[in-house]
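Asks:
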Amino acid sequence: MYLRYFGDSVLRAKCLDVECFDKSLTKFAESMFKVMRENDGVGLASTQVGNNRRIVIVLPPGKPKPLVMINPVVTSKSESRVVYEEGCLSFPGMYKDIARPSEISVQYSDLNGQKFELDAEGMLARIILHELDHLDGKLFIDHLHWWARVVLTTQLRMKLIFNRG
Ligand code: NI
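At position 162 of the sequence shown (counting the first as 1) the number is 257 in my numbering, and the numbers step up by one without a gap.
1) Examine the ligand ATP and report whether any of its heavy atoms sits within less than 7 angstroms of the Cβ of His238.
2) Applying the 10 Å Cβ sphere with the 16-neighbour rule, what's the burial state of Tyr97?
3) For the beta strand (DSSP E) that contains Leu206, what are its first and last residues?
4) Taking just the CA atoms, how far does Gly102 sit from Cys115?
5) Leaving aside the five residues before and after Ala108 along the sequence, list all residues of the same chain whose C-beta is less than 8 angstroms from its C-beta, in chain order.
6) By the three-class DSSP mapping on this structure, what secondary structure does Leu98 have?
7) Taking the CB atoms as reference points, tell me whether Asn166 and Tyr190 lie closer together than 8 angstroms.
8) According to DSSP, Ala140 sits in a beta bridge with which residue or residues?
9) Straight-line CA distance for Pro156 to Gly145?
10) On a CA-only basis, which of Ser185, Ile199 and Val113 is nearest Ile236? Give me that one, please.
11) Rounded to whole angstroms, how far is the Cβ of Val169 from the Cβ of Ile199, which I believe are closer than 8 angstroms?
12) Is Phe230 near the ligand NI, in the sense that its beta carbon is under 7 angstroms from a heavy atom of that ligand?
13) Return yes when the C-beta of Leu251 is under 7 angstroms from any heavy atom of the ligand NI, and no when it is not.
14) Could you check if Phe235 belongs to the surroundings of the ligand NI, using beta carbon to heavy atom distance under 7 angstroms?
15) Let me know the secondary structure DSSP gives Val163 once reduced to three states.
16) Quick check on Ser185: does DSSP put it in helix, strand or coil?
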């Protein structure tokens, strides 16, 4: 398992629901957590490690233990939005101001298939929304104005070409 970067088509994959809650799912989530920790991340989605199942892990601010969310669904979000600088492990060193709802409710299953509902606000809400976007093949740069996105993706693609030599 390794981290996928912008340019990898798997980051655009639409993920499918997890139906089997078995030991291999737990192992998979543990490996994801390892990748996230090694890269100093606060969240990671399955597409970022080349998988297309609806699995994200988030690290709630100030908490040592990650939250594994299987088949997460946002059930409500506030009208009020906040703009804050955001990054993504698949875009190393890049940070952009992104507007997102300030409060959300989300339903998800844990690794045993038990269902939970969570109300989140502030940074935790932002991390969850960012990771859930990944499950639909959506990236944080997709929230930028179209012209900003065009400039940025052109720069990123140029960088990819030059890095390949
Ligand atoms: Ni991300």
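Here a beta-carbon is modelled for each residue, glycine too, at the ideal position from N, C-alpha and C.
Replies: In terms of the structure at hand:
1) Only the ligand NI can be found as ligands here, which leaves the ligand ATP out of the picture.
2) Flag for Tyr97 reads exposed.
3) Neither: Leu206 is in no beta strand (DSSP E) and is coded neither H nor E.
4) 30 angstroms
5) Result list for Ala108: Thr142, Asn147 and Gly232, in chain order.
6) coil
7) Cβ atoms of Asn166 and Tyr190: not closer than 8 angstroms.
8) Val151
9) 26 angstroms
10) Ser185
11) Confirmed, about 6 angstroms.
12) The sequence shown places Leu at residue 230, rather than the Phe named in the question. No, the beta carbon of Leu230 sits no closer than 7 angstroms to any heavy atom of the ligand NI.
13) no
14) yes
15) strand
16) coil
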